[in-house]
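Asker: According to the numbering used here, the sequence shown holds residues -3 to 470 in order. Below you'll find the structure I mean.
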Amino acid sequence: MNTLVRRLRTLPLRSRLALLVAVAVAVAVAAVAVTCWFITRTQLYAQMDQELHNQVGSLNQSRQVLSVLSCGGGLDQQQGIPGPTIQRVDSNGVVCTWRGKSSIPAQPSDVAVANGTADNALHTTEAEDGTQMRVLTVAAVDINRNRVPDLAVSIASPMDEITRPLTTLAWVLLAVGGIGVVGATAAGLWIARTGLRPVDQLTEAVEHVAATEDLTVRIPVEGDDEIARLSASFNSMTASLASSRELQQQLIADAGHELRTPLTSMRTNIELLTRSEETGRAIPPDDRKALMASVKAQMTELAALIGDLQELSRSGLSGTEGPLKVVSFHETARQALERARLRGPELKIVSELAPWYVRAEPAALERAIINLLDNAVKFSPPGGTVEVHLMRGALTVRDHGPGIPADELPHVFDRFWRSPTARALPGSGLGLSIVARTVESYGGEVTLAAADGGGTVATMRLPGAPTPPPDQPA
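Dropping the structure here:
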């Protein structure tokens, strides 16, 4: 059995489906054929038994019963006449055949009828010539329908009247069943081939993607069955992979472009310092100091850029890097404010934070808030003020810096984008992009707009509630 199962598993799926269909049809046909055969057999037996009873009744109502009872007593016997076998049976089991080709030995049930201990006997036995006979034995009666003591009359019909049509029926059922199984197998192969065509297309598409890494392949979706849903899921998966790969390629290209500038400047400055050491020509102290300061600034810029890239890679394209939980938005903002005050000690940071609870990843949310505050600190004038307010899930950060031109606002959340007026300032152009991805992953939104009276106001909105859920305290 295990060997058979293993062999079946090695067959192609369409072959297994066709085989299962053929087996199912074969079992159904066999069950119907066997049931039909047994029902026909039962009906034929019942019909033969009823015919024997009818012949006995007709015999008892005719004068032929006298001939049967006086078998061998001078009346003509009809042994050569076609028809059922009719014979007399006495109480000693002696048989006298009045009509029939061959005598049928009396059975104990026949003798019991002759003795009067049984009303009738119905059985199947074998005649002296070997023919199977269906025998009905009843008590003998005379022409006046009086019982004759110690005698019984048997009427028998050959069983081939039943076995011949049953044999013919069996061959017919076998032939029809065989044709049905063969047809079902062919239909199963056709159905399997037709039904699995979308699976073949999916297999070919997957193999094509694996061989060529071409994520533009799409499978036609027809209907709304399981195969259609599988095709739609595959198309969605390849589309997502293509988008992810495109974003990754764009990120690598942008990162390479951004890394090239500080690396080129550093290489130029280091080459100047190295050439000075190799040629023995000393660089003036002021120039050397400026070169070292430039190298230090470029290293700081490069480290900040690498740090932002690491954060972006950890959070991925979704903006999150861990499971979400209930977070106190106002407490997270307060912690970020403390860090912002250390970065801009000469600035005045005023805040008003109302309680608000959201579902987020704490570290990612705090980093997003810090990026907004760093942006405000960076563009605020010395001694300026940064105003931070949190009210009903809307965190606003307002600075009093130069502001952002209206034509540049649509690009502020693009990766590596920096305003031409801000390229001289430190930064990688990834901070606001990280903020946007993080906030959007939590179902919120972030915007930048020009503030009344100058400066910029950044607004971060997150869905939540003023109190934490009872079953999940912050």
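Heads up, the beta-carbon is just placed ideally off N, CA and C, and yes, glycines get one too.
1. Roughly how many angstroms lie between the CA atoms of Glu242 and Ser232, to the nearest whole one?
2. Which residue's Cα is closest to the Cα of Thr36: Thr159, Ile100 and Gln51?
3. Which first and last residues belong to the beta strand (DSSP E) in which Leu118 is found?
4. When you compare each of Ser272, Val408, Ile365 and Pro406 to Thr392 by their alpha carbons, which one comes out closest?
5. On the three-state DSSP scale, how would you describe Asp156?
6. Gly399: beta carbon under 6 Å from a heavy atom of the ligand HEM?
7. When you compare the CB positions of Val453 and Ala445, do they come within less than 7 Å of one another, or not?
8. Could you tell me if Ser150 is buried or exposed, where buried requires 16 or more neighbouring beta carbons within 10 angstroms of its beta carbon?
9. Considering only the alpha carbon of each residue, which of Thr264, Pro216, Asn111 and Ile248 lies closest to Gln294?
10. Spatial neighbours of Gly204 within its chain, please: C-beta separation below 7 Å, excluding the five flanking residues on both sides.
11. Does any residue of chain B bring its CB to less than 7 Å from the CB of Thr121?
12. Considering only their Cβ atoms, is the gap separating Ala180 from Ala18 smaller than 7 Å?
13. What residue range does the beta strand (DSSP E) around Glu348 cover?
14. For His49, which option in Arg225, Asn116 and Arg457 has the closest C-alpha, if you only look at C-alpha atoms?
15. Report the residue ranges of all beta strand (DSSP E) runs contained in full by the stretch 427 to 467; include only those spanning at least 3 residues, in chain order.
16. Closer than 7 Å by C-beta to Val373: which residues in its own chain qualify, once you throw out the five before and the five after it? Chain order, please.
17. Grab me the residues of Asp125's own chain with a C-beta within less than 6 Å of its C-beta, minus the 5 sequence neighbours each way, in chain order.
18. According to the neighbour-count rule (16 or more other Cβ atoms, all chains shown, within 10 Å of its Cβ), is Gln46 buried or exposed?
19. What does the alpha-carbon distance come out to for the pair Val195 and Ala26?
20. Answer with buried or exposed for Val52, where buried requires no fewer than 16 other C-beta atoms within 10 angstroms of its C-beta.
21. Is it the case that the stretch 346 to 363 contacts the stretch 317 to 329, given that we only count it when at least three CB pairs across the two stretches are under 8 Å?
22. Quick one: grab the DSSP three-state call for Asp86.
23. For Asn88, tell me which candidate among Ala286, Pro104 and His385 has the shortest Cα-Cα distance.
24. Please state whether the Cβ-Cβ distance between Ala102 and Asp146 is less than 7 Å.
25. For Gly70, count the other beta carbons within 10 Å of its own beta carbon; 16 or more makes it buried, fewer makes it exposed. Which is it?
26. If we count the other Cβ atoms within 10 Å of its Cβ and call it buried at 16 or more, is Thr328 buried or exposed?
27. By the three-class DSSP mapping on this structure, what secondary structure does Glu383 have?
28. With H, G and I counted as helix, E and B as strand and the rest as coil, what does DSSP make of Cys67?
29. Pro459: buried (16+ other C-beta within 10 angstroms of its C-beta) or exposed?
30. Could you tell me which residues DSSP puts in a beta bridge with Ser239?
31. For Ala518, collect the residues of the same chain with a Cβ closer than 7 Å to its Cβ; drop the 5 residues on either side in sequence, then sort them by chain order.
32. With DSSP run on the structure shown, which of helix, strand or coil describes Ala278?
33. Tell me where the alpha helix (DSSP H) around Ser133 begins and ends.
34. Look up Cys92 in the DSSP assignment and give the residues it is bridged to.
35. I need the straight-line Cα distance from Pro464 to Ala432, nearest angstrom please.
36. Once the 5 residues before and after Ile345 are set aside, which same chain residues still bring their CB inside 7 Å of it?
Answerer: To lay it out plainly:
1. Position 246 of the sequence shown, counted from the first residue, corresponds to residue 242. Position 236 of the sequence shown, counted from the first residue, corresponds to residue 232. Approximately 15 Å between the Cα atoms of the pair.
2. Counting from 1 along the sequence shown, the entry for residue 36 is found at position 40. The option with the nearest alpha carbon to Thr36 is Thr159.
3. Here residue 118 refers to the residue found at position 122 of the sequence shown. It spans Asn116 to Glu122 - the beta strand (DSSP E) in which Leu118 sits, taken as one unbroken run.
4. Against the sequence shown, residue 392 aligns to sequence position 396. Minimum Cα distance to Thr392 is reached at Ile365.
5. Along the sequence shown, read from residue 1 onward, the residue named residue 156 stands at position 160. Asp156 falls in the helix class under three-state DSSP.
6. The ligand HEM is not part of the structure shown, which contains no ligands of any sort.
7. Position 457 of the sequence shown, counted from the start, is the residue given in the question as residue 453. Position 449 of the sequence shown, counted from the start, is the residue given in the question as residue 445. Taking 7 Å as the Cβ cut-off, Val453 and Ala445 qualify as a contacting pair.
8. Here residue 150 refers to the residue found at position 154 of the sequence shown. So Ser150 ends up on the buried side.
9. Counting from 1 along the sequence shown, the entry for residue 294 is found at position 298. Comparing Cα positions, the closest option is Thr264.
10. Counted from its first residue, the sequence shown places residue 204 at position 208. The amino acid occupying residue 204 in the given sequence is His; Gly does not appear at that position. For His204, where only same-chain residues beyond five positions count, the Cβ hits under 7 Å are Asp210 and Val213.
11. In the structure shown, chain B cannot be found, because there is only a single protein chain.
12. Indexing the sequence shown from 1 puts residue 18 at position 22. Indexing the sequence shown from 1 puts residue 180 at position 184. Contact flag set, yes.
13. As a position in the sequence shown, residue 348 is number 352, starting the count at 1. Its beta strand (DSSP E) spans residues Lys344 to Leu349.
14. Locating residue 49 in the sequence shown gives position 53, counting from the first residue. It is Asn116.
15. 441 to 446 and 452 to 457
16. Within the sequence shown, residue 373 is the residue found at index 377, counting from 1. If we look at Val373 and ignore the five residues flanking it on each side, its Cβ neighbours are Ala336, Arg339, Gly340, Leu343 and Val382.
17. To locate residue 125, count along the sequence shown from 1; it is residue 129. If we look at Asp125 and ignore the five residues flanking it on each side, its Cβ neighbours are Ser98.
18. Numbered from its first residue, the sequence shown carries residue 46 at position 50. When all chains shown are included, Gln46 counts as exposed.
19. The count along the sequence shown starts at 1 and reaches residue 195 at position 199. The count along the sequence shown starts at 1 and reaches residue 26 at position 30. C-alpha separation (whole angstroms): 33 Å.
20. Counted from its first residue, the sequence shown places residue 52 at position 56. So Val52 ends up on the buried side.
21. yes
22. Stepping through the sequence shown from its first residue, residue 86 is reached at position 90. Reduced to three states, the DSSP call for Asp86 is strand.
23. The sequence position of residue 88 within the sequence shown is 92, counting from 1. Asn88 has its Cα closest to that of Pro104, out of Ala286, Pro104 and His385.
24. Against the sequence shown, residue 102 aligns to sequence position 106. Against the sequence shown, residue 146 aligns to sequence position 150. Not closer than 7 Å, so no.
25. Within the sequence shown, numbered from 1, the residue matching residue 70 stands at position 74. In this prediction, Gly70 has a pLDDT of 44, which is less than 50 and means its spatial position is unreliable; nothing more can be read from the coordinates.
26. Against the sequence shown, residue 328 aligns to sequence position 332. Counting Cβ neighbours within 10 Å, Thr328 comes out buried, since at least 16 surround it.
27. Translated into the one-based positions of the sequence shown, residue 383 becomes position 387. Note: Glu383 maps to strand in three-state DSSP.
28. The sequence position of residue 67 within the sequence shown is 71, counting from 1. DSSP places Cys67 in coil when its eight states are reduced to three.
29. Walking along the sequence shown from the start, residue 459 turns up at place 463. When all chains shown are included, Pro459 counts as exposed.
30. The residue given as residue 239 occupies position 243 in the sequence shown. The partner list for Ser239 (beta bridge, DSSP) is empty, contrary to what the question assumes.
31. Examination of residue 518 is not possible in this model, given that the chain is present from -3 through 470 alone.
32. What you label residue 278 is simply residue 282 of the sequence shown in a count that begins at 1. If DSSP states are grouped into helix, strand and coil, Ala278 belongs with coil.
33. Stepping through the sequence shown from its first residue, residue 133 is reached at position 137. Looking at the sequence provided, one finds Thr at residue 133 rather than Ser. Not the alpha helix (DSSP H): Thr133 falls in the beta strand (DSSP E), residues Gln128 to Val137.
34. For the purposes of this step, residue 92 is taken as the residue at position 96 of the sequence shown. BP columns for Cys92 point to Arg84.
35. Numbered from its first residue, the sequence shown carries residue 464 at position 468. Numbered from its first residue, the sequence shown carries residue 432 at position 436. Pro464 and Ala432: Cα-Cα distance of roughly 24 Å.
36. Taking the sequence shown and counting its residues from 1, the one referred to as residue 345 is at position 349. Closer than 7 Å at Cβ, skipping near neighbours: Leu333, Ala336, Arg337, Val382 and Val384.
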